[in-house]
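Colleague:
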Amino acid sequence: MVKKAVRSLKYVYLGLMILFLYLPILYLIVFSFNDFHTGRRVSYANLGLWKGFSLQNYATLFSGEAGQALLLTLEIAAISSVVATIIGTAAAIGIYSMKKGPRNLVLNISQLPMVNPDLVTGITFMMLFAFVNALLTRLSLKQVGDMTKLLIAHISFSIPYVIFSVMPRLRQSSDLLYEAAMDLGCSPMQALWKAVIPDILPGISSGFVMALTMSLDDFVVSYFVSDLKSVLSVYIYSAARGARGVNPALATVIFIPLVTLLLVVNLRRLRKEREYEIQNKKVKLKDKGGK
Amino acid sequence: MKRKYFAYPYILWMVLFIAVPMLFILYYAVNVNGEWTLTKAWATLSDAGRWRILWLSVKMAFETTLICLVLGYPIAYILSNMNKTVAGFLSVLFFVPMWMNFVLRTYAWQAILEYFLPNLLGMKNGTLTGTEASVLMVLVYNFIPFMIMPLYNTLSKLDKSLLEAARDLGANSLITFVRVVLPLSVPGIVSGITMVFIPAITAFTVPALIGNGKYHLYGNEIELAFKTLSGQGDFAVGSTLSLILLLCVLISTLIMNHVDKDQQQGGQMW
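Protein sequence lines correspond, in order, to chains A and B. Position one of the first sequence corresponds to residue 23 (the numbering used here), numbered consecutively onward. Position one of the second sequence corresponds to residue 78 (the numbering used here), numbered consecutively onward.
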């Protein structure tokens with residue numbers, strides 16, 4: 023009796039916490055179907071008054087600033103994650119073959135952007151670019167624009183995540199692989215390309231995914247780095263503080279693909295793990311039977 | 078070609094865009110418009126109002142961390158004791174919101190607290206934003222997955238035979254929990270606390286959107302210094318404030334490392 027009560031209490035608690043986590047997202051999705059017309063004007067400021075069903079919010083979602091911000095977000099995320107993956111993978115291979123002292127030094131400095139609060143990373147980039155732009159103006163050269171600034175910042179905070187996903191893979195992979203490839207007549211570049219890279223590919227791809235999500239998810243660094251045009255989260259912040267509010271349909275178009283992607287990836291992983299476990303059990307049973 | 082050369086582009090990048098920018102905090106704190114001076118930094122340091130804001134931020138970050146720990150530990154514990162497949166699925170459910178743009182989620186809370194809940198409760202023209210409780214709640218909302226994740230990782234890797242051993246030796250489930258599970262989960266608790274406390278001190282989005290101007294925290298003070306003060310931002314004030322912040326972060330990291338080390342050396346907490 024008591025045990026049963028405790029068990030159902032557990033589920034009630036989990037359920038309530040899940041509700042708490044999803045409540046604001048569901049709230050926006052529900053209100054994305056609301057009619058926000060006041061006369062002929064549309065204002066999202068009063069995001070709590072149900073006036074009737076409408077699909078208008080989806081039609082106007084990407085017209086204007088929000089659309090430009092989304093486009094820039096995707097562009098920055100795509101470019102910065104590819105560049106970060108290339109620099110980061112090369113760096114991991116290089117750092118791995120260094121002597122212990124310099125290797126630890128480089129790895130420790132690489133952790134800096136990961137442990138630094140976003141706010142500090144953001145303002146350091148802001149100051150760096152302010153300094154560089156002041157210098158460029160004095161030399162009467164063109165200033166560094168928002169796109170370049172955002173790219174440099176995003177690449178910088180993504181590289182360490184790539185390095186730290188590739189590193190464990192390199193440790194697992196044998197150094198002999200590289201030597202063997204060279205013994206078989208590969209040049210060092212070919213050995214890397216044909217033997218080492220395929221072996222550490224899972225680490226590279228998870229590093230790439232990390233870099234991509236870090237870039238898509240970033241608000242604080244982008245907010246401090248950019249002046250005029252910026253990414254979606256910065257647009258949301260300024261719109262939320264302004265009088266016009268934010269189109270709640272944004273929540274739907276971010277949330278639905280995200281959930282689908284995460285569920286597919288994780289369910290596949292879970293299924294694989296289970297298959298692996300079942301196989302292990304079978305092997306164990308066989309071993310026992312053999313004895 | 079030696080393989081270590083592959084690290085050189087990165088090392089150059091790191092020096093230019095990670096190490097040098099950090100030095101700019103120091104540079105701008107003592108250099109105002111090309112002149113070396115300590116007056117601005119000193120004026121910032123001796124402003125009592127700013128110290129009050131720092132104290133409020135540290136207090137709220139502490140409260141946020143504590144609530145996250147108290148609410149998050151049971152979740153991680155329940156999940157770690159479940160059937161693996163169910164737990165895997167449920168943990169994904171808990172971490173999905175983390176990947177959704179947090180500014181948008183905070184904006185949703187703003188709408189809920191400003192319009193939806195007051196309407197529901199029949200408060201006329203009332204708003205629930207601008208209270209300490211609402212700011213705390215949204216901070217907890219934003220950071221609790223970062224507490225659950227390391228706790229869940231630690232608890233699910235716990236060696237179950239230790240629990241059986243404790244039970245065989247006559248401990249009931251409460252004693253087993255207090256003397257075996259809890260001490261063994263300290264590494265998870267430590268990394269959970271660091272993952273919540275440091276971002277919580279520097280949070281400025283939540284107070285800006287939920288605080289209604291009344292809960293101006295240290296992060297907002299830095300934002301204000303860099304983005305709006307004297308039109309283009311006042312780097313001297315902002316840098317000095319950031320240096321103090323970095324000092325706080327450093328101290329809390331050192332404390333947490335110390336706790337973690339004690340635990341690993343086999344020191345007992347209880």
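We put the beta carbon where it would ideally sit given N, CA and C, even for glycine.
Among all the DSSP beta bridges, which residues are the ones paired with Asn108 (chain B)?
Modeller: Answer is B:Trp113.
Colleague: In angstroms with no decimal places, state the Cα-to-Cα distance between Gly126 (chain B) and Ile222 (chain A).
Modeller: If I take the Cα positions, the gap works out to 53 Å.
Colleague: Should Ala262 (chain A) go down as buried or exposed, given a rule of 16 or more other Cβ atoms within 10 Å for buried?
Modeller: Flag for Ala262 (chain A) reads buried.
Colleague: For chain B, find out if any of its Cβ atoms is closer than 8 Å to the Cβ of Phe277 (chain A); answer yes or no.
Modeller: Yes, its Cβ sits closer than 8 Å to a Cβ of chain B.
Colleague: Using a Cβ cut-off of 9 Å, which residues of the region 237 to 248 of chain A contact any Cβ in chain B, in chain order?
Modeller: Within the region 237 to 248 of chain A, the qualifying residues are Leu238, Asp239, Phe241, Val242, Tyr245 and Phe246.
Colleague: Grouping DSSP H, G and I as helix and E and B as strand, with all else coil, what is Phe75 (chain A)?
Modeller: In the structure shown, Phe75 (chain A) sits in a strand (DSSP, three-state: E or B).
Colleague: Relative to the alpha-carbon of Phe28 (chain B), which residue among B:Leu324, B:Val336 and B:Gly315 has its alpha-carbon at the smallest distance?
Modeller: Nothing can be reported for residue 28 (chain B), as the shown portion of chain B is limited to 78 through 347.
Colleague: Can you pull the chain B neighbours of Pro220 (chain A), defined as C-beta to C-beta under 9 Å?
Modeller: Ordered by position in chain B, no residue passes the 9 Å Cβ test against Pro220 (chain A), which lies about 16 Å from the chain.
Colleague: Comparing C-alpha positions only, which one of A:Val64, A:Lys32 and A:Ser178 sits nearest to Arg266 (chain A)?
Modeller: Answer by Cα proximity: A:Val64.
Colleague: Would Ile300 (chain A) pass as an interface residue toward chain B - the criterion being a Cβ-Cβ separation below 8 Å?
Modeller: Output row for Ile300 (chain A): interface = no.
Colleague: What are the boundary residues of the alpha helix (DSSP H) that includes Lys136 (chain B)?
Modeller: That run of the alpha helix (DSSP H) goes Ala125 to Ser157.
Colleague: Does any CB atom of chain B fall closer than 8 Å to the CB of Lys32 (chain A)?
Modeller: Output row for Lys32 (chain A): interface = yes.
Colleague: Please confirm if Met148 (chain A) has its CB atom under 8 Å from at least one CB of chain B.
Modeller: True, the Cβ-Cβ gap to chain B drops below 8 Å.
Colleague: Hey, quick one: how far does the alpha helix (DSSP H) through Lys237 (chain B) stretch, first residue to last?
Modeller: Start and end: Lys237 to Asp245.
Colleague: Got a sec: is the Cβ-Cβ distance from Val147 (chain B) to anything in chain A below 8 Å?
Modeller: No, Val147 (chain B) does not count as interfacial toward chain A.
Colleague: Check whether the region 141 to 157 of chain A and the region 226 to 244 of chain A are in contact - that is, three or more C-beta pairs closer than 8 Å.
Modeller: Enough Cβ pairs lie closer than 8 Å, so yes.
Colleague: Starting from the C-beta of Asp168 (chain A), find all residues in its chain whose C-beta is less than 7 Å away, skip the five residues before and the five after it, and write them out in chain order.
Modeller: Excluding residues within five positions, the ones whose Cβ falls inside 7 Å are Ser248, Asp249, Leu250, Lys251 and Ser252.
Colleague: Cα separation between Val52 (chain A) and Leu69 (chain A)?
Modeller: Straight-line Cα distance between these residues: approximately 11 Å.
Colleague: Hey, how far is the Cα of Val256 (chain A) from the Cα of Leu41 (chain A)?
Modeller: So the alpha carbons of these two residues sit roughly 27 Å apart.
Colleague: How far does the alpha helix (DSSP H) with Trp176 (chain B) in it reach, from first residue to last?
Modeller: From DSSP, Trp176 (chain B) is part of no alpha helix (DSSP H); its letter is neither H nor E.
Colleague: Please report the distance separating the alpha-carbon of Ile181 (chain A) from that of Ser237 (chain A).
Modeller: Rounded to the nearest angstrom, the two C-alpha atoms are 11 Å apart.
Colleague: Grab me the residues of Val217 (chain B)'s own chain with a C-beta within less than 8 Å of its C-beta, minus the 5 sequence neighbours each way, in chain order.
Modeller: Thr141, Ile144, Cys145 and Leu148.
Colleague: Determine contact between the region 278 to 289 of chain A and the region 77 to 87 of chain A, defined as no fewer than three beta-carbon pairs at a distance below 8 Å.
Modeller: No, the region 278 to 289 of chain A is not in contact with the region 77 to 87 of chain A.
Colleague: Please say whether Ala271 (chain A) and Ser119 (chain A) have beta carbons closer to each other than 8 Å?
Modeller: No.
Colleague: Please name the residue or residues paired with Val64 (chain A) in a DSSP beta bridge.
Modeller: In DSSP, Val64 (chain A) forms a bridge with A:His59.
Colleague: Compute the beta-carbon to beta-carbon distance between Ile189 (chain B) and Ser178 (chain A), rounded to the nearest angstrom, for a pair I have assumed lies under 8 Å.
Modeller: That belief does not hold up - the Cβ atoms of Ile189 (chain B) and Ser178 (chain A) are roughly 36 Å apart, past 8 Å.
Colleague: Consider the Cβ of Thr235 (chain A): report whether some Cβ of chain B lies at a distance smaller than 8 Å.
Modeller: Chain B, which has a Cβ nearer than 8 Å to the Cβ of Thr235 (chain A), makes this yes.
Colleague: Could you tell me whether the Cβ of Gly86 (chain A) comes closer than 8 Å to any Cβ of chain B?
Modeller: No, no contact with chain B.
Colleague: Does any residue of chain A have a CB that is nearer than 8 Å to the CB of Trp347 (chain B)?
Modeller: Note that Trp347 (chain B) scores a pLDDT of 34, beneath 50, so its modelled location is shaky; the value from the coordinates is reported in the next line. False, the Cβ-Cβ gap to chain A never drops below 8 Å.
Colleague: Taking C-alpha atoms, which residue in B:Cys325, B:Ser319, B:Thr206 and B:Ala277 lies nearest to Ala118 (chain B)?
Modeller: Comparing Cα positions, the closest option is B:Ser319.
Colleague: Hey, does Glu140 (chain B) have any beta-carbon neighbour from chain A nearer than 8 Å?
Modeller: Not one chain A Cβ lies under 8 Å of Glu140 (chain B).
Colleague: Between the Cα of Ile172 (chain A) and those of A:Val184, A:Leu163, A:Met148 and A:Glu297, spot the shortest distance and give me the residue it belongs to.
Modeller: Strictly speaking, residue 172 (chain A) in this sequence is Leu, with Ile absent from that position. Leu172 (chain A) has its Cα closest to that of A:Met148, out of A:Val184, A:Leu163, A:Met148 and A:Glu297.
Colleague: Starting from Val258 (chain B), find everything on chain A with Cβ-Cβ shorter than 8 Å and list it in chain order.
Modeller: Simply none; closest approach about 16 Å.
Colleague: Counting C-beta neighbours from all protein chains within 10 Å, is the total for Leu170 (chain B) 16 or more, i.e. buried, or is it exposed?
Modeller: Buried, since its Cβ has 16 or more Cβ neighbours within 10 Å.
Colleague: Nearest to Gly207 (chain B) by alpha carbon, out of B:Gln187, B:Phe220 and B:Ile225?
Modeller: Nearest option by C-alpha distance: B:Gln187.
Colleague: Answer yes or no: does any C-beta atom of chain B fall closer than 8 Å to that of Met136 (chain A)?
Modeller: Answer no: the Cβ-Cβ gap between Met136 (chain A) and chain B never drops below 8 Å.
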